[in-house]
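To keep things clear, I will list the structure first and then write my remarks on it.
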Amino acid sequence: MGWDIILLFVLMSIGVLFITYYASKKTKTAGSFYTAGGGLTARQNGLALAGDFMSASTFLGLIGAFSLTGYDGFFLMYGALVSFLVILFLVAEPLRNLGKYTLGDMITARFKFKQVRGVTAFNTIIISVFYMLAQLVAAGALFKLLLGIPYNISVLIVGVAMLAFVLFGGMTATSWVQIIKAILLVGGTFIMFVMVMWKFNFNFIGIFTDMKTATPFGIDFLNPGLKYKNGWDAASLTLGLILGTAGLPHVLVRFLTVPNAQVARKSVVWLMWIMGMFHIMVIFLGFGAAKLVGTSSIIEANPAGNMAAPLLAKYIGGDFMFAFISAVSFATILAVVAGIVVTGATAFSHDFYNEILKDGKATEKQQMFMVRLASIVITAIAIALSLFLQNFNVAFVASIALTLAASSNLPVILLTIFWRKFNKTGAIFGMLIGLISTIGLVMVSPNVWNPEPGVALFTGHPIFPLASPGILSIPLGFLGSYIGTLIGARKTKHVEDNFSEIIVKSNIGNDVKGVVNH
Amino acid sequence: MELVKEQRSVKKDIEQQDNKQIDYDKISTSEDFKQLLLDKKKFIISYTIFYLAYSLALPFLALFTNILNVQVIGDITLAWIYGISIIFMSFGVCSVYVKKSAEFDEKVKQIIVKEGL
Chain A
2 MGWDIILLFV
12 LMSIGVLFIT
22 YYASKKTKTA
32 GSFYTAGGGL
42 TARQNGLALA
52 GDFMSASTFL
62 GLIGAFSLTG
72 YDGFFLMYGA
82 LVSFLVILFL
92 VAEPLRNLGK
102 YTLGDMITAR
112 FKFKQVRGVT
122 AFNTIIISVF
132 YMLAQLVAAG
142 ALFKLLLGIP
152 YNISVLIVGV
162 AMLAFVLFGG
172 MTATSWVQII
182 KAILLVGGTF
192 IMFVMVMWKF
202 NFNFIGIFTD
212 MKTATPFGID
222 FLNPGLKYKN
232 GWDAASLTLG
242 LILGTAGLPH
252 VLVRFLTVPN
262 AQVARKSVVW
272 LMWIMGMFHI
282 MVIFLGFGAA
292 KLVGTSSIIE
302 ANPAGNMAAP
312 LLAKYIGGDF
322 MFAFISAVSF
332 ATILAVVAGI
342 VVTGATAFSH
352 DFYNEILKDG
362 KATEKQQMFM
372 VRLASIVITA
382 IAIALSLFLQ
392 NFNVAFVASI
402 ALTLAASSNL
412 PVILLTIFWR
422 KFNKTGAIFG
432 MLIGLISTIG
442 LVMVSPNVWN
452 PEPGVALFTG
462 HPIFPLASPG
472 ILSIPLGFLG
482 SYIGTLIGAR
492 KTKHVEDNFS
502 EIIVKSNIGN
512 DVKGVVNH
Chain B
12 MELVKEQRSV
22 KKDIEQQDNK
32 QIDYDKISTS
42 EDFKQLLLDK
52 KKFIISYTIF
62 YLAYSLALPF
72 LALFTNILNV
82 QVIGDITLAW
92 IYGISIIFMS
102 FGVCSVYVKK
112 SAEFDEKVKQ
122 IIVKEGL
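Chains as they are written, first to last, in this note's numbering: chain A, 2 to 519; chain B, 12 to 128.
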């Protein structure tokens, strides 16, 4: 690895950080996005959403998945796009109309109990840590490839660098960071796409014929089933992805940064087009990596394919392109982690510390201290866990976080908005059962247990046959909510209910109040 | 100083009165609102079933059957076309939603006027 590459990478990273710093200063004068009640336009929020969602796991993981598993890359990819239809149809507008600051605020708008808030915050933190893991694994692999230092040390360095970024500049600037990063990522992908297709003479049909002989898998590369021998596994993964985003705290919070439901709606439209185009390009970049870089080189750099994109960049655009794509990936990781750390830490300081421990009376200074402390603790936990996950595809690790969100948050969000009989006990049961069953099923799945020594964390037969628990854990989350509701209804015969208010507000919007005060 | 205080408290009283006037139970049981919910429910549920079924069918069709392994154009099989079509299906459903919800917005406005909110 030449010093010129490192120098280029450092220069580009500094450039990205500088833009971020400039944006963060600009944001401060415009006021905080959250307290201002949201002033982002549809396009800005759409880009920021794309930024939140197109993480390193999407960019690096998906290109890797298409390059190594051919058609089966689809199962990791398309669920994310459909998931925004779920958000658009079911979640975005009611969430915006109930007009709160965190997910905990939204659910406690209906169930005004500390236990509900506590469980929601706990959930938010767990999901955030899992989602961060995927980013850290990607960062570790990237630095290992780029600088040649061992994975463990890479993760540690990257984690600490991210933390410094969050503590000193990232708190208020997350939205702008996401916007800039989304543009860089889509732009970088587009340039690579054009360069790769150039090599194939822009023959979109011929490239499929080339792929038949490009990999050791032969024609199987183009057919489903290279990775997923079991259809239920792919279905379970897809279900988790389709329903997961609608429960991801750091994505949901995005809908509270816009002025009203109409803008929330339009920002999803922006996001869909950006991500749809991105997904189409990703397929061909995966092909390009398989044909031009070669399967063995991709596996050698990282067994899960996470480094296919930077290697492809190096092949087609030399050291400059390699440094550019690496820097964009790094900026992506920084931006996404900043957003996740802020969401997780806010859940801790706002929900746990201020609302539960201090009854909403903590001072600004105390809250700032807690938010910083929580950021450090959350990052430390994520770094420690990510040391074990080097050989996992990052898109897959992220899919576990999504399944967690789909199993524990989504049932409770939907039932809070749409089910009149839903109650406090149901909300708590739903969240905890969704959370425990997802983690429990992963613990006994083939990811953790493998009969051959050294392949997975433990040696032995997995009790649960599927790698993705979604197909079982998501129904369990809904079932838990239902059973909890029945138990709660029996305990207390009649409780004061504000469902009428929730349903009117979620359908008509905050406008009601605005008109009244006129 | 006193005057300002008084004005403030009067203003507060008015605000409180106004807030009390929003009778959520009354709105939620009004015919117009019920109709709106019904229309919305029909639209949302039918489309949600459609896009979920369309996208969840892929893993089953692709991995349990061979019907998608048919070459359509050159070496592009039906499986690839199905996969990519999900992206365009998403664009389509998304724009239907935007159109339809503009209609719902109109109805919401009518309810706000009618209920005197």
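Glycine residues also receive a C-beta, built at the ideal position from the N, C-alpha and C atoms.
For Ser-57 of chain B, no CB of chain A lies under 8 Å from its own CB, so it is not counted at the interface with that chain. Along the length of the region 107-174 of chain A, whole alpha helix (DSSP H) runs at least 4 residues long occupy 115-148, 152-166, reported in chain order. Rounded to whole angstroms, the Cβ separation of Ile-317 of chain A and Lys-200 of chain A is 7 Å, and the two are in contact under 8 Å. In this structure, A:Ile-504 is the residue among A:Ile-504, A:Thr-364, A:Asp-498 with its C-alpha nearest to the C-alpha of Phe-419 of chain A. Restricted to the region 182-248 of chain A, the alpha helix (DSSP H) segments that are unbroken, complete and at least 4 residues in length are 207-215, 232-245, listed in chain order.
Setting aside the 5 residues that flank it on each side, Ser-387 of chain A is surrounded in the same chain by Leu-134, Leu-137, Val-138, Val-156, each with a C-beta closer than 6 Å to its C-beta; the list follows chain order. By the neighbour-count definition (other C-beta atoms within 10 Å, threshold 16), His-462 of chain A is an exposed residue.
Non-local C-beta neighbours of Gly-80 of chain A in its own chain, meaning closer than 7 Å and more than five positions away in sequence, comprise Thr-239, Leu-242, Ile-243, ordered along the chain. Nearest Cα to Ala-247 of chain A within the set A:Leu-50, A:Leu-477, A:Ala-348, A:Ser-446: A:Leu-50. Within the region 433-502 of chain A, complete alpha helix (DSSP H) segments of at least 4 residues are found at 471-492, given in chain order. Burial state of Phe-203 of chain A is exposed, judged by a 10 Å Cβ sphere holding fewer than 16 other Cβ atoms. If you ignore the 5 residues before and after Ala-93 of chain A, its C-beta comes within less than 7 Å of the C-beta of Phe-256, Ala-265, Arg-266, Val-269, all in its own chain and listed in chain order. In this structure, Leu-249 of chain A places its C-beta atom within 8 Å of the C-beta atom of Ile-128 of chain A. If you look at Val-83 of chain B, you'll find it in the beta strand (DSSP E) that goes 82-84. Residues are counted here when their Cβ sits less than 9 Å from a Cβ of chain B; for the region 255-275 of chain A these are Ala-262, Gln-263, Arg-266, Lys-267, Val-269, Val-270, Met-273, Trp-274, given in chain order.
Our two residues, Val-124 of chain B and Lys-45 of chain B, have alpha carbons roughly 16 Å apart in a direct line.
The region 473-484 of chain A makes contact with the region 424-439 of chain A: 3 or more CB pairs, one atom from each, lie closer than 8 Å. Under the 8 Å Cβ criterion, the region 102-117 of chain A counts as touching the region 420-431 of chain A, having at least three qualifying pairs. For Asn-224 of chain A, the chain B residues whose Cβ falls inside 8 Å of its Cβ are Asn-80, Thr-88, Ala-90, in order along the chain. For the pair Asn-392 of chain A and Gly-65 of chain A, the CB atoms are not nearer than the 8 Å cut-off. With a threshold of 8 Å between beta carbons, Asn-508 of chain A makes contact with chain B. With a cutoff of 8 Å on beta-carbon distance, Leu-293 of chain A and Ala-310 of chain A are scored as not near each other. Cβ contact annotation for Gln-82 of chain B (same chain, cutoff 7 Å, sequence separation greater than five): Thr-88, in chain order.
Ile-123 of chain B belongs to the set of residues whose beta carbon lies under 8 Å from a beta carbon in chain A.
Following the DSSP letters along the chain, one finds Ser-39 of chain B inside the alpha helix (DSSP H) bounded by residues 35-40.
Looking from the CA of Ala-140 of chain A, the closest CA among A:Ser-330, A:Met-278, A:Thr-121 belongs to A:Ser-330. When the five nearest sequence neighbours on each side are left out, the beta carbons in the same chain lying within less than 6 Å of the beta carbon of Lys-145 of chain A are those of Tyr-152, Ser-155, in order along the chain. Only residues of its own chain outside the window of five on either side were considered, and among them Pro-95, Asn-98, Leu-99, Ile-418 have a CB closer than 7 Å to the CB of Ser-507 of chain A, listed in chain order.
Considering only A:Met-78, A:Leu-12, A:Ala-346, the residue with the shortest C-alpha distance to Gln-368 of chain A is A:Ala-346. Around the beta carbon of Thr-364 of chain A, fewer than 16 other beta carbons sit within 10 angstroms, so the residue counts as exposed.
For Leu-49 of chain B, none of the residues of chain A pass the 9 Å Cβ criterion, the least Cβ distance being about 12 Å. The three-state secondary structure of Thr-364 of chain A, taken from DSSP, is coil.
According to DSSP, residue pairing for Thr-88 of chain B in a beta bridge involves B:Gln-82.
Val-187 of chain A has its alpha-carbon roughly 7 Å from the corresponding atom of Phe-279 of chain A.
In this structure, Met-322 of chain A and Ala-142 of chain A do not form a Cβ contact; the two beta carbons are roughly 18 Å apart against a cut-off of 8 Å.
Here the alpha carbon of Met-198 of chain A sits roughly 16 Å from the alpha carbon of Phe-67 of chain A.
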